[in-house]
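Start counting the sequence shown at 227; every next residue gets the next number (the working numbering).
Every residue, glycine too, gets a C-beta built ideally from N, C-alpha and C.
This report concerns only the one structure given below.
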Amino acid sequence: MNLIFNIFYNYLVLPILYTALRFAGLFNKKIRTGIIGRKRVYEELILNATSINKTKKLVWFHSSSLGEFEQAKPIIERLKQENNVNVLITFFSPSGYENSKKYPYADLIAYIPFDTKSNAEKFIQITNPTIAVIMRYDVWPNMVSSLKKKNIPIYLVDATLRSNSPRKYPLLKSFHKILFGDITEILTVSDSDAIEFKSFGFDDKKVKVVGDTRFDRVYQRSLLAKDKKLIKESILKNKKIFVAGSTWEQDEEVIFPAFLKLASIDENVLMIVAPHEPTELHLEKIENEFAGKIKTIRFSHLNNYSGERIIIVDSIGILLTLYTYAQIAYVGGSFKQNIHNVLEAAVYGTPVLFGPKIENSQEAKRLAEIGGGFIINNKRQAYRNLRSFFINEALRLKAGNISASFVQSNVGATQKIIDSIKKVI
227 MNLIFNIFYN
237 YLVLPILYTA
247 LRFAGLFNKK
257 IRTGIIGRKR
267 VYEELILNAT
277 SINKTKKLVW
287 FHSSSLGEFE
297 QAKPIIERLK
307 QENNVNVLIT
317 FFSPSGYENS
327 KKYPYADLIA
337 YIPFDTKSNA
347 EKFIQITNPT
357 IAVIMRYDVW
367 PNMVSSLKKK
377 NIPIYLVDAT
387 LRSNSPRKYP
397 LLKSFHKILF
407 GDITEILTVS
417 DSDAIEFKSF
427 GFDDKKVKVV
437 GDTRFDRVYQ
447 RSLLAKDKKL
457 IKESILKNKK
467 IFVAGSTWEQ
477 DEEVIFPAFL
487 KLASIDENVL
497 MIVAPHEPTE
507 LHLEKIENEF
517 AGKIKTIRFS
527 HLNNYSGERI
537 IIVDSIGILL
547 TLYTYAQIAY
557 VGGSFKQNIH
567 NVLEAAVYGT
577 PVLFGPKIEN
587 SQEAKRLAEI
597 GGGFIINNKR
607 QAYRNLRSFF
617 INEALRLKAG
627 NISASFVQSN
637 VGATQKIIDS
647 IKKVI
């Protein structure tokens with residue numbers, strides 16, 4: 227960083243950010259957990275590092291949270307399989323750290339310290355990484371600057387940048403040009419992202435299009451999921467199955483009435499609904515929504531199944547597998563704010579329905595363009611799509627094949643990223 231931005235960031239932005247986090251931590255358990263978890267980050271790193279082979283090179287992967295870490299997993303696992311290296315994994319968010327502490331391909335797992343100069347320098351001194359791989363967007367200026375001073379290569383992977391990103395505003399653009407300039411290579415998910423990064427003045431040597439590892443991760447997990455038998459075949463036999471995943475109340479207000487109308491004229495339809503937050507309150511609300519209209523059962527009670535036509539999923543971590551049963555899928559978040567991962571449904575070759583709020587997802591927009599995904603704006607459109615796909619198998623199979631082909635044609639980013647980072651390890 228140059229002097230002006232150094233002063234701006236370290237003496238204005240960081241103090242405000244740190245104060246805001248401390249204040250928010252008083253009311254938000256997740257933020258408070260992250261603050262407390264960082265108090266012993268150096269001591270734990272030093273202690274845990276005693277058990278690893280220091281003669282191996284150390285590759286450091288940083289993810290903001292659990293979602294970004296899912297994108298890192300294909301790279302980490304391929305790297306560990308093909309190279310004799312240690313892997314350090316860090317997170318900014320407690321959701322990533324707490325849910326990944328037992329990840330078997332990591333040699334060290336920690337929080338990334340708050341981004342002061344002294345913290346960054348101390349962290350690098352303790353860990354001594356050979357290379358730093360940052361997933362998507364969680365780029366911290368002091369850490370990047372400290373890595374650069376130590377001549378440690380930095381790779382920004384699965385990088386995305388919208389044309390209207392605040393990072394391109396006049397003053398912020400100058401700041402980010404310096405910040406991104408310290409990164410060795412920026413590996414983007416698409417041509418459009420590469421164009422946006424090149425608008426900072428970077429060339430093809432620095433900015434390269436390699437694709438998105440989310441396709442690789444979803445495809446890998448789908449192969450394993452197909453062998454799992456979460457629901458008895460007797461329950462699903464002769465059923466037309468609609469899986470609604472990661473739903474919020476705003477999604478349910480649209481799709482539930484549509485399904486009820488469909489169920490009133492077709493006794494073979496079955497809905498599996500997996501709410502994004504399966505709290506007891508939310509689960510009871512869904513049950514009350516259908517009370518007296520149609521029978522429901524919770525996923526955890528399926529041993530007592532007796533013909534219920536709605537299965538309410540009351541656990542987490544199984545949605546990708548549940549999509550294997552879908553003949554039609556709905557991906558939630560798209561009536562609330564941001565759509566969830568459409569690839570988890572598309573990979574199985576199913577038509578994917580979603581609401582109108584998909585600006586955060588290039589995959590959803592592309593699926594809608596090519597005919598594998600379908601935007602619904604209201605209950606009537608939701609019903610028409612469900613009805614059409616369930617009565618017209620040729621139409622459903624055509625859309626499903628488009629979805630599956632879309633995922634499969636985009637697999638391969640992991641190897642391209644490995645090829646890039648192997649040059650320095």
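Asked                                                                                                                      : Found
Proximity of L450 and A500 at Cβ, strictly below 9 Å                                                                       : no
In DSSP terms, what A555 is bridged to                                                                                     : V469 and V578
Inter-stretch contact at 8 Å, needing at least 3 Cβ pairs: the stretch 424–442 / the stretch 463–472                       : no
Nearest neighbour of I554, chosen from T522, S629, H566 and K605 [CA to CA]                                                : S629
Start and end residues, alpha helix (DSSP H) containing S418                                                               : D417 to K424
Cβ-based burial, K255 [other Cβ within 10 Å; buried from 16]                                                               : exposed
Backbone secondary structure at D384 - three-state DSSP                                                                    : strand
Rounded distance between the beta-carbons of S472 and G558, thought under 8 Å                                              : 4 Å
Per-residue burial, R186 [other beta carbons within 10 Å of its own, 16 or more giving buried]                             : Only positions 227 to 651 of the chain appear in this structure, which leaves residue 186 out of reach.
Status (buried if at least 16 other CB within 10 Å, exposed otherwise) for A517                                            : exposed
Secondary structure of P320, DSSP reduced to three states                                                                  : helix
Integer Cβ distance of I301 from I644, believed to fall under 8 Å                                                          : 7 Å
Close beta carbons around H402, own chain, < 6 Å, minus the five adjacent residues each side                               : R393
Three CB pairs or more closer than 8 Å across the stretch 237–254 and the stretch 302–319                                  : no
Identity of the residue in S321, E589, Q476 and V650 nearest V573 by Cα                                                    : E589
Separation of K343 from V578, as counted between CA atoms                                                                  : 46 Å
Coarse secondary structure for F525, derived from DSSP in three states                                                     : helix
Per DSSP, the bridge partner or partners of P501                                                                           : T473
For L305 and P367, believed in contact at Cβ under 8 Å, the rounded distance                                               : With 8 Å as the limit, P367 and L305 do not qualify as a contact, their Cβ atoms being about 26 Å apart.
Start-to-end residues for the beta strand (DSSP E) that takes in A358                                                      : I357 to M361
Rounded Cβ spacing between F583 and Q563 (contact assumed at less than 8 Å)                                                : In the sequence on display, residue 583 carries Lys and not Phe. Yes, they are in contact, since the Cβ atoms of K583 and Q563 sit about 6 Å apart, within 8 Å.
Of the residues F525, P355, A594 and G263, the one placed nearest T576, counting alpha carbons only                        : A594
Endpoints, the alpha helix (DSSP H) within which L507 is located                                                           : E506 to F516
Span separating the alpha-carbon of R655 from that of E619                                                                 : No answer is possible for residue 655: the residues shown for the chain start at 227 and end at 651.
Buried or exposed by the 16-neighbour rule on C-beta atoms within 10 Å, applied to E510                                    : exposed
Residues bridged to F287 [DSSP beta-bridge criterion]                                                                      : I315 and V359
Three-state class that DSSP yields for I647 in the structure shown                                                         : helix
Chain-order list of residues whose beta-carbon lies under 8 Å from that of I651 (same chain, five-residue window excluded) : K283, V285, N309, V311, T356 and I357
Exposure label - S448; buried when at least 16 CB within 10 Å                                                              : buried
Identity of the residue in E294, Y235 and F253 nearest D341 by Cα                                                          : Y235
D364 versus A336 - alpha carbon distance                                                                                   : 15 Å
E459 burial status per 10 Å Cβ neighbour count (16 or more: buried)                                                        : exposed
Residues near F525 in its chain [Cβ-Cβ closer than 7 Å; skip 5 each side]                                                  : I537, I538, V539, D540 and S541
Stretch pair the stretch 468–487 + the stretch 600–616: three plus CB contacts closer than 8 Å                             : yes
Burial state of N494 (16 or more Cβ within 10 Å)                                                                           : exposed
Cutoff 7 Å; reference G263; Cβ partners in own chain excluding five residues on either side                                : P320, Y323 and Y337
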